[in-house]
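**Q** Sharing a structure here in structure tokens format.
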Amino acid sequence: MLEIRDLSYCYPDAEKPSLTGVSLNAGRGQILGLLGPNGAGKTTLISHLSGILQVQHGAILIDGSPLAVVRRKAPTRIAVAPQEYAFYPMLTVKENLECFAAAGRLGGERKRRRIVECLAFSRLERFVKIRAERLSGGLKRRLNLAIALLPEPELILLDEPTVGVDPQSRAFLLDAVKMIANSGAAVIYTSHYMDEIEAIADRVVILDDGKVLRDGTLDELLRDGVAHMRLAVEGVPVGEMNALLGRFGKVESVGEEWRVTLAHDRTPAELLAAVEKLGGRLKYVEFGRNNLEQLFMALTHRPLRD
Amino acid sequence: MLLALIKKEFLALIRDVHGLAALFLMPAIFIIIMSLALKDVYSPSTKALPYAVENRDSGQLADNFLAEWKKRHGSPQANSASWKDEVRGGKLSYVLVIEKDFSRELAAAHPGSGKQLRLIAEPGLESSAFAANNAELIMIANELRARALLAAARMSQRSSQRPLRSGAPDESVPVSALAMIDTERLSAGSRPTAVQQNVPAWLVFGMFFVVASLANLFIQERQCGALTRLASLGVPTSVMIWSKALPYLAINGLQAALMLAVGVWLMPLLGGDALSLAGIHWGALMLVLLAVSMAAIGLALALASLVRTHAQASALGPIVNILMAAIGGVMVPKFIMPEVMQRLAEFSPMNWGLEGMLAVLLRGSDMTGVLIPAAKLTGFATIMIIIAVVFFRRRAS
Ligand SMILES: Nc1ncnc2c1ncn2[C@@H]1O[C@H](COP(=O)(O)OP(=O)(O)O)[C@@H](O)[C@H]1O
Ligand SMILES: [Mg+2]
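Chains as they are written, first to last, in the numbering used here: chain B, 20 to 325; chain C, 588 to 984.
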């Protein structure tokens, strides 16, 4: 339903663009994970969809029509839960919901029903009379989300919704996001936590320095990752071990642990057989595919988190 | 949508205790303190008041009198036929009317009962200035009469070469010119007291305090992202502006009611004079209040759209207010300011509001009497709101 084509954006006073040639698609019922370190341009991208930033170059289409047209006709088809909390701190949870429901042109029975539903969905029923400023970080996030959901948007953008949230609230929020997608909305979820993206995203776009580095399903992205082995061995001198492992790929040693990035034509079974033939006793072995963090490292030679 | 946003504005305002205190308590306290403090000692110099002279007497004493008055009060304004209207409207502070028999009667041993010297003051002339002028008038007239009588006595002494007959006729000659003098303030149904001056002044000042309150809430709303969210929900700029303007219009109305009530009912209980609303034109009062309110709200919206931070708003709001008040005759009445400052005062929107209020409360003006200040205030409000909308849109995009 959402198609972004070759979007570039440069803030008026900035030296370099914050987005360069970004293209991506999001579909109904799917969660698109937008992964990137701080400063990658995630919020800049989201701000286009909430109407804060105008398209400078490229195009944003909703079901084929330009974003500006859709926003003018039905601004509530798209909802954003901004990275920074966006509600009235001096108003209670209920008052905030009422205010934003009315601002989103909800009225009468529908308004009442949506407020009840969103309170239930974000499990804020017990806090309706509490002023927003007195809520904990996790509850504030939930309120921020609940407000975004009020007008039943078709496309919902969540900008780092788990920053500053306790583990329980975080798990709850992730479940909630899955439910939103299951109910048929298109969801874009930005984060710099790869484990969250791994846990909930159907598709992943990796963004760095304003550019899309990878775009695909989680499986696709992790499949083309290289295989790593970690092992510790007794009974083989270090020099011999190094020479042996060197035939299987790139070798690193950290303490007593060996880390091998397997070459394409090598398998873990071959490596283990070779070690045993030399008389080595395996203390432990780990083998796994890349995770997103390693993929990101491989792509940028930088860690995802600062 | 508008109603929900107005409700939000009220809730936010009610929970802002400091803001509320500034809006309601501060002007009330100012009214009470200033009115009590200045009850009797409010004695401005009477020198600079604009006045005119209507001299119907061709005698020498009239000229002497006017020369003396001019020495003390500066030259009179050119007299026009419509001086009565000018006095009523406050353009002239007072007019001295010298009747045609003034010179003769002043020197006569037994003057007739008619008033020969009148001071007709504008309704809003501050009472101590009025009293001071009155006293001065009597004093000068007395002195002139005394001199004239003395001169006459010497003449008759010299011509008759006889000592004055013992006492009798002289004692029957009244020395005082008091009976010949009449001072009046053109009636307006109310009398200027410290309260009558202070209530309008501090009410206008207090109404402009919505500037700080509104601007602060506006900036808070912007900083907490709620404003962006409203914009992204497609709330039109006009609705946002109305949702701020209307609650503050109501707040201003409440302030006005409260301050007038303080003047009418609380001040006499505290031993001050009561504010009198007898015979005022309520429509004109409403018009002035509405215009002041619009100007204050317009200024607040413009300021809130221009500044970036809370700190700027909370510094700039009160500074602008206090400057306007100081210049505009709220803190120091305009009529005691030197000429230059009086000119300057006419640039302060608070002064326009104050002039309008004084016209209604002191001079009993009707709609026509407050049209000019109301129009100035409305024009000011319009310009401010245009600035607010332009900058608001620029911020939003
Ligand atoms: N208002 C702004 N003015 C100028 N540069 C900005 C502004 N907001 C963000 N940037 C820059 O744009 C880049 C992307 O920022 P952002 O979209 O906030 O990244 P993210 O949300 O992924 O952390 C950063 O280099 C940041 O410094
Ligand atoms: Mg961000």
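Positions of the beta carbon are idealized from the N, C-alpha and C atoms, including for glycine.
#1: Can you list, in chain order, every residue whose CB sits closer than 5 Å to a heavy atom of ligand 1?
#2: CA-CA distance, Val294 (chain B) and Leu241 (chain B)?
#3: Please check if any C-beta of chain C sits within less than 9 Å of the C-beta of Tyr30 (chain B).
#4: Tell me the rounded alpha-carbon separation between Glu673 (chain C) and His660 (chain C).
#5: Would you mind telling me which residues of chain B sit closer than 9 Å to Arg602 (chain C), beta carbon to beta carbon, in chain order?
#6: Beta-carbon within less than 7 Å of Trp829 (chain C)'s beta-carbon, same chain only, minus the 5 sequence neighbours each way: which residues are those?
#7: By Cβ distance, which residues of its chain are closer than 6 Å to Ile970 (chain C), with the 5 residues on each side in sequence left out?
#8: Any C-beta of chain B sitting closer than 9 Å to the C-beta of Ala599 (chain C)?
#9: Kindly say whether Ala165 (chain B), judged by its beta-carbon, lies nearer than 9 Å to any beta-carbon of chain C.
#10: Take Trp789 (chain C) and list the residues in its own chain whose beta-carbon comes closer than 6 Å to its own, dropping the five residues that flank it on each side.
#11: Verify the CB distance criterion: does Lys921 (chain C) have a CB-CB separation below 9 Å to chain B?
#12: I want to verify the contact list: residues of chain C whose CB lies under 7 Å from the CB of Val99 (chain B), in sequence order.
#13: Please indicate yes or no: does the CB of Leu227 (chain B) lie closer than 8 Å to some heavy atom of ligand 2?
#14: Would you grab the beta carbon distance between Lys702 (chain C) and Asp644 (chain C) for me? Rounded to a whole angstrom, and I think it's under 8 Å.
#15: Taking 9 Å as the threshold (C-beta atoms), are Val798 (chain C) and Ala887 (chain C) in contact?
#16: In the region 43-108 of chain B, which residue ranges form an unbroken alpha helix (DSSP H) of at least 4 residues, counting only runs that do not cross its ends?
#17: Return yes when at least one heavy atom of ligand 2 lies under 8 Å from the C-beta of Thr209 (chain B), else no.
#18: Tell me the DSSP bridge mates of Ile923 (chain C)?
#19: Nearest chain B C-beta to Leu877 (chain C) closer than 9 Å, yes or no?
#20: Go ahead and label Asn201 (chain B) buried or exposed: buried means 16 or more other beta carbons lie within 10 angstroms of its beta carbon, across all protein chains shown.
#21: Cβ closer than 7 Å: which chain C residues qualify as neighbours of Arg124 (chain B)?
#22: If we call anything under 9 Å between Cβ atoms a contact, is Ala98 (chain B) one with Leu168 (chain B)?
#23: So does Glu215 (chain B) have its beta carbon nearer than 8 Å to some heavy atom of ligand 2?
#24: Kindly examine ligand 2 and report whether one of its heavy atoms sits closer than 8 Å to the Cβ of Glu295 (chain B).
#25: Does the beta carbon of Ala639 (chain C) come closer than 9 Å to any beta carbon on chain B?
#26: Leaving aside the five residues before and after Asp194 (chain B) along the sequence, list all residues of the same chain whose C-beta is less than 7 Å from its C-beta, in chain order.
#27: Can you tell me whether Gln784 (chain C) is buried or exposed? The criterion is at least 16 other CB atoms within 10 Å of its CB, across all chains shown.
#28: Cβ of Lys595 (chain C) less than 9 Å from any chain B Cβ?
#29: To which residues does DSSP link Tyr30 (chain B) through a beta bridge?
#30: Is the beta carbon of Tyr835 (chain C) sitting closer than 9 Å to the one on Ile914 (chain C)?
#31: For Glu709 (chain C), is the classification buried or exposed, using 16 other Cβ atoms within 10 angstroms of its Cβ as the cut-off for buried?
#32: Just to check my reading of the structure: Leu318 (chain B) and Leu232 (chain B) have Cβ atoms closer than 8 Å, yes? What is that Cβ distance to the nearest angstrom?
#33: Taking Gly916 (chain C) and Ala932 (chain C) to be in contact with their CB atoms under 8 Å, please state how far apart those CB atoms are, rounded to whole angstroms.
#34: Our contact map puts Val196 (chain B) next to Tyr208 (chain B) with C-beta atoms below 8 Å; I'd like the distance itself, whole angstroms only.
#35: How big is the Cα-Cα spacing for Glu713 (chain C) and Phe119 (chain B)?
#36: Starting from Thr319 (chain B), trace the alpha helix (DSSP H) both ways and give me its first and last residue.
**A** Considering the structure as presented:
#1: Around ligand 1, the residues selected by a Cβ distance under 5 Å to any of its heavy atoms are B:Tyr30, B:Ala33, B:Ser37, B:Asn57, B:Gly58, B:Ala59, B:Gly60, B:Lys61, B:Thr62, B:Thr63, following chain order.
#2: Along the first sequence, one-based indexing puts residue 294 (chain B) at 275. Along the first sequence, one-based indexing puts residue 241 (chain B) at 222. Whole-angstrom Cα-Cα distance: 28 Å.
#3: If you number the first sequence from 1, residue 30 (chain B) lands on position 11. Output row for Tyr30 (chain B): interface = no.
#4: Taking the second sequence and counting its residues from 1, one reaches residue 673 (chain C) at position 86. Taking the second sequence and counting its residues from 1, one reaches residue 660 (chain C) at position 73. Inter-residue distance for Glu673 (chain C) and His660 (chain C) is about 19 Å (C-alpha atoms, whole angstroms).
#5: Indexing the second sequence from 1 puts residue 602 (chain C) at position 15. Here the neighbours are Met109, Leu110, Arg150.
#6: Your numbering for residue 829 (chain C) matches position 242 in the second sequence. By the criterion of a C-beta distance shorter than 7 Å, Trp829 (chain C) is surrounded in its chain by Leu589, once the five residues flanking it on both sides are discounted.
#7: For this step, residue 970 (chain C) is matched to residue 383 along the second sequence. Hits under 6 Å: none found.
#8: Looking up residue 599 (chain C) in the second sequence gives position 12. Output row for Ala599 (chain C): interface = yes.
#9: Here residue 165 (chain B) refers to the residue found at position 146 of the first sequence. It does not: the Cβ of Ala165 (chain B) has no partner Cβ on chain C nearer than 9 Å.
#10: What you label residue 789 (chain C) is simply residue 202 of the second sequence in a count that begins at 1. Cβ within range, chain order: Pro614, Phe617, Ile618.
#11: Here the question's residue 921 (chain C) lines up with position 334 in the second sequence. Against chain B, the CB of Lys921 (chain C) has no partner CB under 9 Å away; the residue lies outside that interface.
#12: Residue numbering aside, residue 99 (chain B) sits at position 80 when the first sequence is read from its first letter. For Val99 (chain B), the C-beta contacts it makes with chain C under 7 Å involve Ser819, in order along the chain.
#13: On the first sequence, position 208 is the one that residue 227 (chain B) refers to. The sequence given here has Asp at residue 227 (chain B), not Leu. For ligand 2, not one heavy atom lies less than 8 Å from the Cβ of Asp227 (chain B).
#14: The sequence position of residue 702 (chain C) within the second sequence is 115, counting from 1. The sequence position of residue 644 (chain C) within the second sequence is 57, counting from 1. Rounded to whole angstroms, the Cβ separation of Lys702 (chain C) and Asp644 (chain C) is 13 Å, and the two are not in contact under 8 Å.
#15: Counting from 1 along the second sequence, the entry for residue 887 (chain C) is found at position 300. Counting from 1 along the second sequence, the entry for residue 798 (chain C) is found at position 211. Inclusion of Ala887 (chain C) and Val798 (chain C) in the CB contact set at 9 Å is warranted, their separation being smaller than that value.
#16: DSSP runs (the alpha helix (DSSP H)) wholly in the region 43-108 of chain B: 61-68, 86-92.
#17: Within the first sequence, the letter at position 190 stands for residue 209 (chain B). Correct: Thr209 (chain B) has its Cβ closer than 8 Å to ligand 2.
#18: Within the second sequence, the letter at position 336 stands for residue 923 (chain C). None, per the DSSP bridge assignment.
#19: Taking the first residue of the second sequence as position 1, residue 877 (chain C) is located at position 290. It does not; no Cβ of chain B falls within 9 Å.
#20: Reading the first sequence from its first residue, position 182 is the one you call residue 201 (chain B). Under a 10 Å Cβ-count criterion, Asn201 (chain B) is classified as exposed, with fewer than 16 other Cβ atoms of the shown protein chains found around its own Cβ.
#21: Looking up residue 124 (chain B) in the first sequence gives position 105. By Cβ distance, chain C contributes Met588.
#22: Numbered from its first residue, the first sequence carries residue 98 (chain B) at position 79. Numbered from its first residue, the first sequence carries residue 168 (chain B) at position 149. In this structure, Ala98 (chain B) places its C-beta atom within 9 Å of the C-beta atom of Leu168 (chain B).
#23: Residue numbering aside, residue 215 (chain B) sits at position 196 when the first sequence is read from its first letter. False, no ligand heavy atom lies under 8 Å from that Cβ.
#24: By 1-based counting over the first sequence, the position of residue 295 (chain B) is 276. For Glu295 (chain B), the distance from the CB to the nearest heavy atom of ligand 2 is not below 8 Å.
#25: Position 52 of the second sequence, counted from the start, is the residue given in the question as residue 639 (chain C). Not a single C-beta of chain B is nearer than 9 Å to the C-beta of Ala639 (chain C).
#26: In the first sequence, residue 194 (chain B) corresponds to position 175, counting from 1. Listed in chain order, the non-local C-beta contacts of Asp194 (chain B) below 7 Å within the same chain number zero, local neighbours out to five positions each way being set aside.
#27: The residue given as residue 784 (chain C) occupies position 197 in the second sequence. Answer is buried; the Cβ neighbour count reaches 16.
#28: Against the second sequence, residue 595 (chain C) aligns to sequence position 8. Chain B contact via Cβ: present.
#29: Mapped onto the first sequence, residue 30 (chain B) falls at position 11. DSSP output for Tyr30 (chain B) lists no bridge partner at all.
#30: As a first step, residue 835 (chain C) is located in the second sequence; it is residue number 248 there, counting from the start. As a first step, residue 914 (chain C) is located in the second sequence; it is residue number 327 there, counting from the start. Taking C-beta atoms as the reference points, Tyr835 (chain C) and Ile914 (chain C) fail to come closer than 9 Å.
#31: Along the second sequence, read from residue 1 onward, the residue named residue 709 (chain C) stands at position 122. Residue environment analysis places Glu709 (chain C) among the buried positions, since at least 16 neighbouring C-beta atoms fall within 10 angstroms of its C-beta.
#32: Here residue 318 (chain B) refers to the residue found at position 299 when the first sequence is read from its first residue. Here residue 232 (chain B) refers to the residue found at position 213 when the first sequence is read from its first residue. With a Cβ gap of about 5 Å, Leu318 (chain B) and Leu232 (chain B) count as contacting.
#33: On the second sequence, residue 916 (chain C) is found 329 positions in, with the first residue counted as 1. On the second sequence, residue 932 (chain C) is found 345 positions in, with the first residue counted as 1. 5 Å between Cβ atoms; contact.
#34: Residue mapping note: residue 196 (chain B) aligns to position 177 of the first sequence, counting from 1. Residue mapping note: residue 208 (chain B) aligns to position 189 of the first sequence, counting from 1. Between Tyr208 (chain B) and Val196 (chain B) the Cβ distance is about 6 Å, and since that is below 8 Å, they are a contact.
#35: As a position in the second sequence, residue 713 (chain C) is number 126, starting the count at 1. As a position in the first sequence, residue 119 (chain B) is number 100, starting the count at 1. Per the coordinates, the alpha-carbon of Glu713 (chain C) lies some 53 Å from the alpha-carbon of Phe119 (chain B).
#36: Taking the first residue of the first sequence as position 1, residue 319 (chain B) is located at position 300. According to the DSSP assignment, Thr319 (chain B) belongs to the alpha helix (DSSP H) that extends over 311-319.
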